[in-house]
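Colleague: If you scroll down you'll find the structure; I have some questions about it.
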Amino acid sequence: MKLMKKSVLFLGIALAALITTTSAVLAHDMLTEGTVLTVAPTKLEIRSPNKATKKDETVAFVIDKNTKVTRGDKSVSYAHAKIEKGERIVVVVDTDAPKKMVATQLRLQAK
1 MKLMKKSVLF
11 LGIALAALIT
21 TTSAVLAHDM
31 LTEGTVLTVA
41 PTKLEIRSPN
51 KATKKDETVA
61 FVIDKNTKVT
71 RGDKSVSYAH
81 AKIEKGERIV
91 VVVDTDAPKK
101 MVATQLRLQA
111 K
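Under our numbering, the first residue of the sequence shown carries the number 1, and numbering increases by one thereafter.
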């Protein structure tokens, strides 16, 4: 009976590890770090270094009602974030989403 309990416990742990690993592999988030160029109600443009060419390029992101914004360790709305030109930012995009370049998360330094 003890062997059966150990086997079931081991299978449970293995299954939990498999589910956790699979969900992490399936989520394809792309992080882009850069400096804010323009801020609009539904669009954000940043200047970010291209890893291949080592040159800065402008990258545009769509902002929607589902975009989460954190300033420091606090969640704020996009409007209340008061994002300024020249500010450092990290933009997270789900590359598997049907719409391309929609920001799922914006990370800003605390003010």
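Built from N, CA and C at the ideal position, the CB exists for glycine as well.
As the structure is a computational prediction, the values presented were derived from the model and not from experiment.
(1) Assign Ile83 to one of three DSSP states: helix, strand, or coil.
(2) Under 8 Å by Cβ, that's how I've got Val90 and Arg107 pegged, so tell me the actual separation to the nearest angstrom.
(3) So Ala103 and Val93 are in contact, right, with Cβ under 8 Å, and what is the actual spacing, rounded?
(4) Report the three-state DSSP secondary structure of Thr104 (helix, strand or coil).
(5) Mind checking which residues open and close the beta strand (DSSP E) that includes Ile63?
(6) What whole-angstrom Cβ distance do Arg47 and Leu37 have, given they're in contact under 8 Å?
(7) In chain order, what residues of the same chain lie with their CB nearer than 8 Å to the CB of Gln109, ignoring the 5 residues before and after it?
(8) Out of Met101, Ala60, Lys111 and Thr95, which has the shortest C-alpha to C-alpha gap to Glu84?
(9) Alpha carbon to alpha carbon, how far is Val59 from Glu45?
Modeller: If we stick to the structure as given:
(1) Within the sequence shown, numbered from 1, the residue matching residue 83 stands at position 83. The answer is coil: DSSP assigns Ile83 none of H, G, I, E or B.
(2) For the purposes of this step, residue 90 is identified with residue 90 of the sequence shown, where counting begins at 1. For the purposes of this step, residue 107 is identified with residue 107 of the sequence shown, where counting begins at 1. Val90 to Arg107, Cβ: 4 Å. Contact.
(3) On the sequence shown, position 103 is the one that residue 103 refers to. On the sequence shown, position 93 is the one that residue 93 refers to. About 6 Å; that satisfies the 8 Å criterion.
(4) Position 104 of the sequence shown, counted from the start, is the residue given in the question as residue 104. In the structure shown, Thr104 sits in a strand (DSSP, three-state: E or B).
(5) Within the sequence shown, numbered from 1, the residue matching residue 63 stands at position 63. Run containing Ile63: none; DSSP gives neither H nor E here.
(6) Taking the sequence shown and counting its residues from 1, one reaches residue 47 at position 47. Taking the sequence shown and counting its residues from 1, one reaches residue 37 at position 37. Their Cβ separation, rounded to whole angstroms, is 5 Å, which keeps Arg47 and Leu37 in contact under 8 Å.
(7) Within the sequence shown, the letter at position 109 stands for residue 109. Only Arg71, Gly72, Glu87 and Arg88 meet the Cβ criterion.
(8) Mapped onto the sequence shown, residue 84 falls at position 84. Glu84 has its Cα closest to that of Lys111, out of Met101, Ala60, Lys111 and Thr95.
(9) Locating residue 59 in the sequence shown gives position 59, where the first residue counts as 1. Locating residue 45 in the sequence shown gives position 45, where the first residue counts as 1. About 6 Å.
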